[in-house]
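To start, the structure itself, in structure tokens.
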């Protein structure tokens with residue numbers, strides 16, 4: 001097939017037409033002895049220019065080309081919606097795949113950045129925790145040492161400038177001696193008060209017994225009748241008051 005870009009009436013369109021053309025009268029036959037050295041006299045067709053040949057060829061093929069063009073344009077117009085839908089589908093699939101690939105790539109990059117950043121922040125927090133723990137341990141050790149040093153220094157200063165050890169020892173011994181003396185005095189006073197109270201109670205008991213005995217003289221024994229305090233039935237036992245038999249009061 002030959003491609004012809006027409007001008008004038010069919011300008012701007014590409015025409016396809018079979019080759020050789022259907023009209024055999026437009027062919028340029030070769031002379032039988034054209035290859036040899038001897039040449040025959042050219043005919044009218046051989047003397048026809050290329051422009052004339054092209055114009056005749058175009059005039060003969062133009063109706064066929066127009067019909068073919070119309071048929072193809074009609075077919076293209078009828079398939080426009082299907083081809084447009086197919087193109088839209090292809091674009092949608094391609095754009096969806098591209099978008100998913102991009103989202104997958106962004107998600108992978110984001111995951112990588114998060115992993116790196118979290119690892120970095122975790123290591124920073126770990127180092128900070130180690131530093132605080134070491135600082136707290138050192139502070140605790142230094143505080144304990146400082147307390148011991150202050151205690152020893154204050155004790156030495158107090159013993160040297162405020163309190164004499166031997167004087168305080170003597171003072172404590174004197175306080176103990178005085179306390180012991182006071183305790184003994186208090187013990188003696190308590191024993192004395194206890195004895196006086198006991199004697200007073202005994203005296204009151206004696207007076208009470210004498211008072212009762214003076215009122216119960218009719219219960220004493222007579223020569224003819226023993227009393228209840230001297231009953232013959234009390235064998236080996238007779239009522240007493242303050243260690244003295246009642247009959248003798």
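Numbering (the numbering used here), first residue to last: 1 to 249. A virtual CB, placed ideally from N, CA and C, is assigned to each residue, including glycine. These figures come from a predicted structure and were not determined experimentally.
Problem - For residue 230, three-class secondary structure by DSSP - result: By one-based count along the chain shown, residue 230 stands at place 230. Helix, per DSSP.
Problem - Bridge partners - residue 240, DSSP secondary structure assignment - result: Along the chain shown, read from residue 1 onward, the residue named residue 240 stands at position 240. Bridge partners of residue 240: 245.
Practice task
Tell me, to the nearest whole angstrom, how far the beta carbon of residue 159 is from that of residue 165; I am working on the premise that it is less than 8 Å.
Solution key: Position 159 of the chain shown, counted from the first residue, corresponds to residue 159. Position 165 of the chain shown, counted from the first residue, corresponds to residue 165. Going by Cβ atoms, the distance from residue 159 to residue 165 rounds to 6 Å, so yes, they are a contact pair.
Handout entry: Residue range of the alpha helix (DSSP H) that includes residue 108
Key = Stepping through the chain shown from its first residue, residue 108 is reached at position 108. Its alpha helix (DSSP H) spans residues 80 to 157.
Handout entry: Span separating the alpha-carbon of residue 92 from that of residue 75
Key = Taking the chain shown and counting its residues from 1, the one referred to as residue 92 is at position 92. Taking the chain shown and counting its residues from 1, the one referred to as residue 75 is at position 75. Roughly 25 Å separates the two Cα atoms.
Practice task
Whole angstroms is fine: what's the gap from residue 170's alpha carbon to residue 193's?
Solution key: Reading the chain shown from its first residue, position 170 is the one you call residue 170. Reading the chain shown from its first residue, position 193 is the one you call residue 193. Cα to Cα, residue 170 sits roughly 34 Å from residue 193.
Practice task
In angstroms with no decimal places, state the Cα-to-Cα distance between residue 131 and residue 107.
Solution key: Translated into positions along the chain shown, residue 131 becomes position 131. Translated into positions along the chain shown, residue 107 becomes position 107. In this structure, the straight-line span from the alpha carbon of residue 131 to that of residue 107 is close to 35 Å.
Problem - Three-way DSSP call (helix, strand, coil) for residue 163 in this model - result: The count along the chain shown starts at 1 and reaches residue 163 at position 163. Coil, per DSSP.
Practice task
Pull up the distance between the alpha-carbon of residue 7 and that of residue 102, whole angstroms please.
Solution key: The residue you call residue 7 lines up with position 7 of the chain shown. The residue you call residue 102 lines up with position 102 of the chain shown. Bear in mind that a pLDDT of 41 at residue 7, under 50, signals an unreliable position, so the number given afterwards is only what the model happens to contain. If you draw a straight line from the Cα of residue 7 to the Cα of residue 102, it is about 49 Å long.
Problem - Environment of residue 58 [buried if 16+ CB atoms lie within 10 Å] - result: By 1-based counting over the chain shown, the position of residue 58 is 58. Answer is buried; the Cβ neighbour count reaches 16.
Problem - CA-to-CA distance, residue 85 to residue 123, given in whole angstroms - result: Looking up residue 123 in the chain shown gives position 123. Looking up residue 85 in the chain shown gives position 85. Cα-Cα distance, rounded: 56 Å.
Handout entry: Reduced DSSP secondary structure (H/G/I, E/B, other) of residue 250
Key = One cannot answer for residue 250 here, as it falls past the ends of the chain, which runs 1 to 249.
Problem - Same chain, Cβ closer than 8 Å to residue 118, five either side skipped, listed in chain order - result: Residue numbering aside, residue 118 sits at position 118 when the chain shown is read from its first letter. If we look at residue 118 and ignore the five residues flanking it on each side, it has no Cβ neighbours.
Handout entry: Per-residue DSSP class, three states only, for residue 221
Key = Here the question's residue 221 lines up with position 221 in the chain shown. DSSP places residue 221 in coil when its eight states are reduced to three.
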